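Colleague:
Protein chains: 2
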Amino acid sequence: MKKLENLMDRVINRVNINLREFSIEVGALLRDLVPENQLVKFYAFYGIWSNHPIHFHFSNSSLAGSYFLGRCKVDNSILYKCDIRGDELKMKGDVFDVNGTAVTVEDDEVIWIKDSLLIKTLVHNYSHNPEKLELFLIKNSASAPYANIHGSPIEGCFLEPFSTVDLTSLHDCRVGTYTYVQVGELSHIEVESGRVWIRNKDIFDFNYRFPQDVLRTRYIAFVPGKGAMGMFMDFAEDRKMDFQRLYDVVHLDSPIKEIPQGASINRYSVWKGKNHISRNVLVSQRAFLEEAWLGEGANAQENCYISYSRLEGFNVTAHGATIIYAQLGRKVFVGFNSFLQGKADAPLIVGDESIIMPHTIMDLTESVTVPGNHLVWGYIRTQEDLEDHSIPLERLSKIKDEISIGNMQFRGSGEAFVAAFRHRIQHILEANGAFFDGEYGKGHAQTGQNISFNIIQPYPRGEARGLFPTIDIEP
Amino acid sequence: MKKLENLMDRVINRVNINLREFSIEVGALLRDLVPENQLVKFYAFYGIWSNHPIHFHFSNSSLAGSYFLGRCKVDNSILYKCDIRGDELKMKGDVFDVNGTAVTVEDDEVIWIKDSLLIKTLVHNYSHNPEKLELFLIKNSASAPYANIHGSPIEGCFLEPFSTVDLTSLHDCRVGTYTYVQVGELSHIEVESGRVWIRNKDIFDFNYRFPQDVLRTRYIAFVPGKGAMGMFMDFAEDRKMDFQRLYDVVHLDSPIKEIPQGASINRYSVWKGKNHISRNVLVSQRAFLEEAWLGEGANAQENCYISYSRLEGFNVTAHGATIIYAQLGRKVFVGFNSFLQGKADAPLIVGDESIIMPHTIMDLTESVTVPGNHLVWGYIRTQEDLEDHSIPLERLSKIKDEISIGNMQFRGSGEAFVAAFRHRIQHILEANGAFFDGEYGKGHAQTGQNISFNIIQPYPRGEARGLFPTIDIEP
Numbered sequence: 002m003k004k005l006e007n008l009m010d011r012v013i014n015r016v017n018i019n020l021r022e023f024s025i026e027v028g029a030l031l032r033d034l035v036p037e038n039q040l041v042k043f044y045a046f047y048g049i050w051s052n053h054p055i056h057f058h059f060s061n062s063s064l065a066g067s068y069f070l071g072r073c074k075v076d077n078s079i080l081y082k083c084d085i086r087g088d089e090l091k092m093k094g095d096v097f098d099v100n101g102t103a104v105t106v107e108d109d110e111v112i113w114i115k116d117s118l119l120i121k122t123l124v125h126n127y128s129h130n131p132e133k134l135e136l137f138l139i140k141n142s143a144s145a146p147y148a149n150i151h152g153s154p155i156e157g158c159f160l161e162p163f164s165t166v167d168l169t170s171l172h173d174c175r176v177g178t179y180t181y182v183q184v185g186e187l188s189h190i191e192v193e194s195g196r197v198w199i200r201n202k203d204i205f206d207f208n209y210r211f212p213q214d215v216l217r218t219r220y221i222a223f224v225p226g227k228g229a230m231g232m233f234m235d236f237a238e239d240r241k242m243d244f245q246r247l248y249d250v251v252h253l254d255s256p257i258k259e260i261p262q263g264a265s266i267n268r269y270s271v272w273k274g275k276n277h278i279s280r281n282v283l284v285s286q287r288a289f290l291e292e293a294w295l296g297e298g299a300n301a302q303e304n305c306y307i308s309y310s311r312l313e314g315f316n317v318t319a320h321g322a323t324i325i326y327a328q329l330g331r332k333v334f335v336g337f338n339s340f341l342q343g344k345a346d347a348p349l350i351v352g353d354e355s356i357i358m359p360h361t362i363m364d365l366t367e368s369v370t371v372p373g374n375h376l377v378w379g380y381i382r383t384q385e386d387l388e389d390h391s392i393p394l395e396r397l398s399k400i401k402d403e404i405s406i407g408n409m410q411f412r413g414s415g416e417a418f419v420a421a422f423r424h425r426i427q428h429i430l431e432a433n434g435a436f437f438d439g440e441y442g443k444g445h446a447q448t449g450q451n452i453s454f455n456i457i458q459p460y461p462r463g464e465a466r467g468l469f470p471t472i473d474i475e476p
Numbered sequence: 002m003k004k005l006e007n008l009m010d011r012v013i014n015r016v017n018i019n020l021r022e023f024s025i026e027v028g029a030l031l032r033d034l035v036p037e038n039q040l041v042k043f044y045a046f047y048g049i050w051s052n053h054p055i056h057f058h059f060s061n062s063s064l065a066g067s068y069f070l071g072r073c074k075v076d077n078s079i080l081y082k083c084d085i086r087g088d089e090l091k092m093k094g095d096v097f098d099v100n101g102t103a104v105t106v107e108d109d110e111v112i113w114i115k116d117s118l119l120i121k122t123l124v125h126n127y128s129h130n131p132e133k134l135e136l137f138l139i140k141n142s143a144s145a146p147y148a149n150i151h152g153s154p155i156e157g158c159f160l161e162p163f164s165t166v167d168l169t170s171l172h173d174c175r176v177g178t179y180t181y182v183q184v185g186e187l188s189h190i191e192v193e194s195g196r197v198w199i200r201n202k203d204i205f206d207f208n209y210r211f212p213q214d215v216l217r218t219r220y221i222a223f224v225p226g227k228g229a230m231g232m233f234m235d236f237a238e239d240r241k242m243d244f245q246r247l248y249d250v251v252h253l254d255s256p257i258k259e260i261p262q263g264a265s266i267n268r269y270s271v272w273k274g275k276n277h278i279s280r281n282v283l284v285s286q287r288a289f290l291e292e293a294w295l296g297e298g299a300n301a302q303e304n305c306y307i308s309y310s311r312l313e314g315f316n317v318t319a320h321g322a323t324i325i326y327a328q329l330g331r332k333v334f335v336g337f338n339s340f341l342q343g344k345a346d347a348p349l350i351v352g353d354e355s356i357i358m359p360h361t362i363m364d365l366t367e368s369v370t371v372p373g374n375h376l377v378w379g380y381i382r383t384q385e386d387l388e389d390h391s392i393p394l395e396r397l398s399k400i401k402d403e404i405s406i407g408n409m410q411f412r413g414s415g416e417a418f419v420a421a422f423r424h425r426i427q428h429i430l431e432a433n434g435a436f437f438d439g440e441y442g443k444g445h446a447q448t449g450q451n452i453s454f455n456i457i458q459p460y461p462r463g464e465a466r467g468l469f470p471t472i473d474i475e476p
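Top to bottom, those sequences are chains E and X.
Mind the numbering: the first sequence is residues 2 to 476 in our numbering, read in order.
Mind the numbering: the second sequence is residues 2 to 476 in our numbering, read in order.
1) Thinking C-beta only, is ILE325/E closer than 8 Å to THR318/E?
2) For chain X, find out if any of its Cβ atoms is closer than 8 Å to the Cβ of GLY463/E; answer yes or no.
3) Would you say ASN530/X lies against chain E (beta-carbon separation less than 8 Å)?
4) If you draw a straight line from the alpha carbon of GLN302/X to that of LEU430/X, how long is it in whole angstroms?
5) Restricting to runs no shorter than 3 residues, where is the beta strand (DSSP E) found entirely within the segment 285–319 of chain E?
6) Which residue comes first and which comes last in the alpha helix (DSSP H) that contains ALA229/E?
7) Residues of chain E with CB under 9 Å from THR361/X, in chain order?
8) Quick one: Cα of ARG15/E to Cα of ASN141/E, how far?
9) Quick test of the definition: if touching needs 3 or more C-beta pairs under 8 Å, does the segment 399–413 of chain X touch the segment 269–281 of chain X?
10) Since I believe GLY177/X is in contact with SER194/X (beta carbons under 8 Å), could you give me their beta-carbon distance rounded to a whole number of angstroms?
11) Tell me which residues share the same chain as VAL251/X and place their Cβ nearer than 8 Å to its Cβ, disregarding the 5 neighbours each side in the sequence.
12) Quick check: is the beta carbon of VAL184/E nearer than 8 Å to any beta carbon in chain X?
13) So is ARG21/X buried or exposed if we call it buried at 16+ other beta carbons inside 10 Å?
14) Under a CB-based cut-off of 8 Å, is PHE69/E close to chain X?
15) Return the Cβ separation of VAL197/E and PRO359/E in integer angstroms, given the expectation that the two are a contact with Cβ distance under 8 Å.
16) In this structure, what does DSSP give as the bridge partners for GLY413/E?
17) Span of the beta strand (DSSP E) holding GLU186/X?
18) Hey, is HIS509/E's beta-carbon within less than 8 Å of any beta-carbon in chain X?
19) Which residue wins for smallest C-alpha separation from HIS129/X, given the options PHE334/X, GLY185/X, HIS172/X, LYS93/X?
20) By DSSP's criteria, ALA327/X is part of a beta bridge. Which residues make up the other side?
21) Taking 8 Å as the CB-CB cut-off, is GLN458/E touching chain X?
22) Taking Cβ-Cβ distances shorter than 7 Å, what residues in chain X pair up with PRO54/E?
23) With 16 as the cutoff for other CB atoms within 10 Å, does TYR127/E come out buried or exposed?
24) Would ALA145/E pass as a contact of PHE223/E if the rule is Cβ separation under 8 Å?
25) Could you give the distance in angstroms between the alpha-carbon of GLY226/E and the alpha-carbon of MET234/E?
26) Answer with yes or no whether the minimum CB distance from ASN455/X to chain E is below 8 Å.
27) In angstroms with no decimal places, state the Cα-to-Cα distance between PHE244/E and PHE236/E.
28) According to DSSP, is MET234/X helix, strand or coil?
29) Does the segment 208–216 of chain E come into contact with the segment 203–218 of chain X, if we say contact requires no fewer than three beta-carbon pairs (one atom in each stretch) closer than 8 Å?
30) Interface residues of chain E around PRO256/X at Cβ under 9 Å?
31) Exposed or buried, ILE18/E, counting other C-beta atoms within 10 Å across all chains shown (16 or more means buried)?
32) Which chain E residues sit within Cβ distance under 9 Å of SER51/X?
33) I'd like to know whether the C-beta atoms of HIS1/X and VAL369/X end up nearer to each other than 8 Å.
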């Protein structure tokens with residue numbers, strides 16, 4: 002165990018040094034979240050398929066419970082129950098547009114995690130740093146449970162629980178609990194808890210901040226020495242045992258006899274009760290379905306919970322989103338770590354093509370209906386709450402300067418904002434294979450059908466206990 | 002699948018070329034034994050522990066159902082349900098005695114399997130070729146089910162079903178069905194089926210050959226186009242399903258609550274009914290126990306079946322041995338691929354320290370008692386048969402020139418032969434940890450207690466279907 006302890010100390014020191022201006026001690030915040038016996042207990046696994054070049058390199062690392070796909074390198078790091086998805090990385094020869102200049106990618110891109118401590122964190126997409134097209138680097142960084150690192154190379158950062166950094170390069174930043182940032186580039190900044198911030202240079206800026214006391218006392222708080230607490234954590238903990246059995250067997254039979262054309266159900270997803278999936282549906286690993294009805298081309302991404310709900314089709318349910326007792330129309334988008342909880346007798350109803358912003362909490366005390374083509378954000382419990390937490394997309398499109406609604410401030414071009422969102426939703430659906438016609442439009446739903454998982458385990462004893470051997474996998 | 006087919010053709014061609022003087026076509030004999038869908042279906046696994054340096058390298062190979070331990074390299078080969086145990090290899094700095102000259106091993110030895118097709122074959126021990134101390138090479142070779150390659154580097158060889166090459170360097174040889182050779186070195190020779198041949202230069206030579214028709218019609222025959230047939234194969238086939246469930250789960254609970262001190266039960270062994278194991282017992286992977294009682298320091302090695310039998314202690318049950326309805330005294334040795342089958346009402350009884358030669362068939366029609374300190378070989382069904390298939394070790398020790406008993410011829414020093422056997426049995430017990438006192442004398446039984454298994458799977462689709470990715474594992 003000696004080596005694992007040394008590694009933990011080393012990683013924590015590095016993150017602390019990078020963040021010294023904020024005088025935080027990452028060790029005090031994270032060390033207890035990964036008890037050493039847990040790091041010895043769980044295996045890690047990586048996918049083998051023919052759809053994308055594979056490359057895995059692991060050295061001097063602990064990888065307990067983590068999942069890898071695509072091209073990933075991990076050195077001197079501790080990854081606990083993380084999902085590292087290198088299946089959307091750029092490939093050699095891809096042409097990348099940087100402010101109108103076409104740049105050719107010179108080598109297959111790789112996710113490289115170095116000197117970092119990530120806990121229950123999702124890493125996905127590709128590096129949006131145009132200066133380093135071939136490398137999605139995560140270095141000298143630490144993250145707490147249910148953080149999402151999406152298309153965001155980060156160096157010297159600390160991500161608190163349920164935070165999301167999306168399409169943003171971060172350097173020496175602290176990102177608060179349940180904070181969402183999609184701002185292109187940030188450095189030496191502390192982003193406060195519960196902020197939802199989307200900025201595209203001078204074109205637009207969307208800004209919202211959750212009421213702090215309600216977030217902290219009810220949903221999610223990060224307490225030094227105690228870790229992440231609140232309803233979000235309880236919810237995940239309550240469903241932990243349903244996942245455990247998935248890891249105990251090597252081959253798992255599909256939960257349904259016939260998988261619809263173009264659809265895939267990852268064998269590391271939970272399937273409870275009676276669910277329905279239609280063609281081109283994608284159910285990712287660590288997704289949870291219970292009495293769910295998913296229409297054509299809908300997807301349920303990592304760490305999603307969809308219960309007692311109906312999604313009409315072409316729905317995006319982003320990483321970490323929860324949907325309970327809801328009826329979502331076609332092309333409804335539910336962003337990262339959103340928490341939508343209706344009740345059996347008070348469901349949430351969302352009309353076609355509405356966009357639920359990342360990190361939105363809709364914890365209903367009564368039935369709420371969101372009309373079609375609306376943008377929704379923030380904290381909503383009643384139909385009345387919706388009034389100052391939503392805007393028709395058409396109205397937003399017409400904003401040219403600024404608008405404030407409740408706690409939300411928007412500046413810039415509403416048209417560009419709406420177009421960017423629509424474009425992205427379309428891209429996600431395409432990437433996931435929602436429009437696959439049997440020949441064209443292949444995406445994750447189709448490529449995920451033929452994947453095997455290799456299992457790797459740590460040293461069970463001795464000095465290296467809990468560390469994994471050095472492993473290199475090439476095609 | 003294209004690449005796997007090419008690989009199969011390539012390997013078969015190479016073996017055929019090496020064996021061209023015997024004009025055999027290995028493809029006709031082996032191709033049907035490994036249906037391509039089976040090669041895609043099974044995972045391979047390798048052990049991670051801290052007791053011995055690990056190194057694994059796999060490239061351009063199919064490894065379905067195979068097991069690896071220690072230091073192994075596999076290139077351009079097809080290994081189907083093989084056991085490659087590199088845990089007794091020489092280590093850097095070991096001093097090896099070559100005819101009285103002390104030679105230091107310059108690097109950790111490695112098993113390297115290259116351009117070969119091995120089916121249900123065990124590879125174990127270390128290279129006994131003093132010219133290549135650091136390499137246990139298996140090249141341009143093919144083997145049929147239940148062959149054992151023990152301490153024997155081989156090049157350009159074809160091993161038929163249930164054959165064993167033991168402590169012997171082989172070059173361009175064909176080894177017949179159920180043949181055992183332990184002769185130091187052999188090249189360009191066809192060893193006929195059912196021969197048991199142990200030779201140590203001019204010091205001694207033991208030679209026996211099974212009656213061919215009884216071997217072929219009852220126990221084991223190798224029929225081109227049909228594969229291996231007979232009671233030996235049926236016996237293994239009948240128990241296949243008991244093994245299957247072992248491979249379906251990642252973690253398997255121990256079959257007994259408390260494992261006696263110093264003992265280990267490999268999680269890939271089958272445990273049926275009520276078994277008893279004592280301290281320092283070793284139960285290896287793919288061993289099968291059913292109503293077995295194993296005394297202190299007894300071992301059950303790979304592909305062993307021990308049913309309704311009692312082994313008093315310090316028993317060696319070598320790779321592939323079967324023991325049914327038998328009572329074996331202390332330190333009884335049962336050699337490779339021996340088949341000892343008593344009946345409930347006609348058990349086999351073997352006295353202390355007797356040696357059942359490798360490849361001995363005792364298929365009883367009545368109860369048979371072997372007194373202690375006897376050497377037993379050949380084909381025995383009744384007490385009377387024993388007369389010309391055994392000799393007291395004391396009497397054998399006194400032989401200085403030669404002796405014939407039944408089909409067995411012995412030439413040379415009986416004393417040296419008996420001493421060599423006794424020495425080897427002692428060494429095997431030591432290596433297996435039979436004498437571990439809680440501090441000194443650690444062996445496989447103790448080191449096997451703390452081992453994890455990593456699982457690797459082949460490409461499920463595409464050109465490379467059935468092949469495994471290139472993998473390198475270092476400490």
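Heads up, the beta-carbon is just placed ideally off N, CA and C, and yes, glycines get one too.
Bear in mind that the values here come from a model prediction, so they are computed numbers and not experimental data.
Modeller: According to the data block:
1) no
2) yes
3) Because chain X in this structure spans residues 2 to 476, residue 530/X falls outside the shown range and cannot be described.
4) 12 Å
5) 289–295, 306–312
6) That residue, ALA229/E, is in no alpha helix (DSSP H); its beta strand (DSSP E) goes 228–230.
7) Correct list: empty, because the minimum Cβ distance to chain E is about 37 Å.
8) Going from the Cα of ARG15/E to the Cα of ASN141/E covers about 6 Å.
9) no
10) 3 Å
11) ILE456
12) no
13) exposed
14) no
15) 7 Å
16) PHE205/E
17) 186–188
18) Residue 509/E cannot be examined here, being either before or after the span of chain E that is shown, 2 to 476.
19) GLY185/X
20) Paired residue(s): LEU349/X.
21) yes
22) None at all; the shortest Cβ gap to chain X is about 10 Å.
23) Buried.
24) yes
25) 16 Å
26) yes
27) Rounded to the nearest angstrom, the two C-alpha atoms are 13 Å apart.
28) helix
29) no
30) Ordered by position in chain E, no residue passes the 9 Å Cβ test against PRO256/X, which lies about 17 Å from the chain.
31) exposed
32) Those within 9 Å of SER51/X in chain E are TYR460, PRO461, ARG462, GLY463, GLU464, ALA465, ARG466.
33) The shown model of chain X, from 2 to 476, leaves out residue 1/X, and the question about it has no answer.
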